[in-house]
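*Asks:* I'd like to ask you about the structure that follows.
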């Protein structure tokens with residue numbers, strides 16, 4: 002028996018991923034240096050290094066780079082995409098949507114839905130659900146969903 006709630010979340014047509022993109026900043030901070038500063042070199046870390054964005058990189062610029070990579074893999078025209086959703090807990094602007102900047106930079110205009118999503122660590126997956134719903138309801142053939150974050154710790158903070 003199908004649960005009524007599950008039935009409500011089912012797209013009316015098949016939906017899939019036609020392209021994906023990633024972007025990781027090129028700068029690196031050795032884990033040994035993090036351990037030296039925060040635990041006197043006594044703490045073990047599960048990674049060998051951490052990527053660190055450059056001074057001119059933020060959620061917007063990294064989303065644009067990931068979006069470019071996704072478009073290359075998808076081999077579709079940006080003008081075929083009808084929605085851009087960016088999930089993040091580190092949007093750089095309080096009132097200027099990251100998604101509209103990304104859509105414009107990638108040429109996904111003029112007939113585009115765009116929105117920023119914030120949902121702690123699952124903002125990107127919520128963007129994906131929005132894209133599934135948009136394409137699955139036949140409102141569009143293509144949508145772009147992404148999750149992108151940068152560390153938000155202040156200097157001297159453990160999250161730095």
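Numbering (this note's numbering), first residue to last: 2 to 161. Cβ coordinates follow ideal geometry from the N, Cα and C atoms, glycine included. Predicted, not measured: the structure shown is a model, and the values here were computed from it.
For residue 9, count neighbouring Cβ atoms within 10 angstroms of its own Cβ and tell me buried if that reaches 16, exposed if not.
*Replies:* Locating residue 9 in the chain shown gives position 8, where the first residue counts as 1. Per the 10 Å Cβ criterion, exposed.
*Asks:* Which value, in whole angstroms, describes the spacing of the CA atoms of residue 114 and residue 76?
*Replies:* On the chain shown, residue 114 is found 113 positions in, with the first residue counted as 1. On the chain shown, residue 76 is found 75 positions in, with the first residue counted as 1. Computed Cα separation, rounded: 21 Å.
*Asks:* For residue 140, count the other beta carbons within 10 Å of its own beta carbon; 16 or more makes it buried, fewer makes it exposed. Which is it?
*Replies:* Against the chain shown, residue 140 aligns to sequence position 139. Result: exposed.
*Asks:* Inspect the beta-carbon positions of residue 21 and residue 81 and report whether they are closer than 8 Å.
*Replies:* Here the question's residue 21 lines up with position 20 in the chain shown. Here the question's residue 81 lines up with position 80 in the chain shown. Going by C-beta atoms, residue 21 is not nearer than 8 Å to residue 81.
*Asks:* Apart from the five residues on each side of it in sequence, which residues of its chain come closer than 7 Å, Cβ to Cβ, to residue 128?
*Replies:* For the purposes of this step, residue 128 is identified with residue 127 of the chain shown, where counting begins at 1. Taken in chain order, the residues that qualify are 86, 87, 88, 118, 146, 147 and 148.
*Asks:* Could you check what DSSP says for residue 145 in three-state terms: helix, strand or coil?
*Replies:* The residue you call residue 145 lines up with position 144 of the chain shown. Strand at residue 145.
*Asks:* Rounded to whole angstroms, what's the CA-CA distance from residue 93 to residue 46? Just pull it up for me.
*Replies:* Here residue 93 is taken as the residue at index 92 of the chain shown, counted from 1. Here residue 46 is taken as the residue at index 45 of the chain shown, counted from 1. Cα-Cα distance, rounded: 29 Å.
*Asks:* Just list the residues that DSSP pairs residue 86 with in beta bridges.
*Replies:* Along the chain shown, one-based indexing puts residue 86 at 85. According to DSSP, residue 86 bridges with 116 and 146.
*Asks:* Terminal residues of the continuous alpha helix (DSSP H) containing residue 107?
*Replies:* What you label residue 107 is simply residue 106 of the chain shown in a count that begins at 1. Start and end: 99 to 107.
*Asks:* What residue from 71, 105 and 109 has the CA that sits closest to residue 172's CA?
*Replies:* In the structure as shown, the chain begins at 2 and stops at 161. Residue 172 is therefore absent and cannot be evaluated.
*Asks:* Roughly how many whole angstroms lie between the Cα atoms of residue 61 and residue 83?
*Replies:* Against the chain shown, residue 61 aligns to sequence position 60. Against the chain shown, residue 83 aligns to sequence position 82. In a straight line, the C-alpha of residue 61 is about 19 Å away from that of residue 83.
*Asks:* Whose C-beta lies closer than 7 Å to the C-beta of residue 106 among residues of the same chain, with five residues either side of it excluded?
*Replies:* Locating residue 106 in the chain shown gives position 105, where the first residue counts as 1. So the list reads 65, once near-sequence residues are dropped.
*Asks:* At 3 residues or longer, what runs of the beta strand (DSSP E) sit wholly inside the segment 10 to 69?
*Replies:* Runs of the beta strand (DSSP E) inside the segment 10 to 69: 28 to 31 and 50 to 53.
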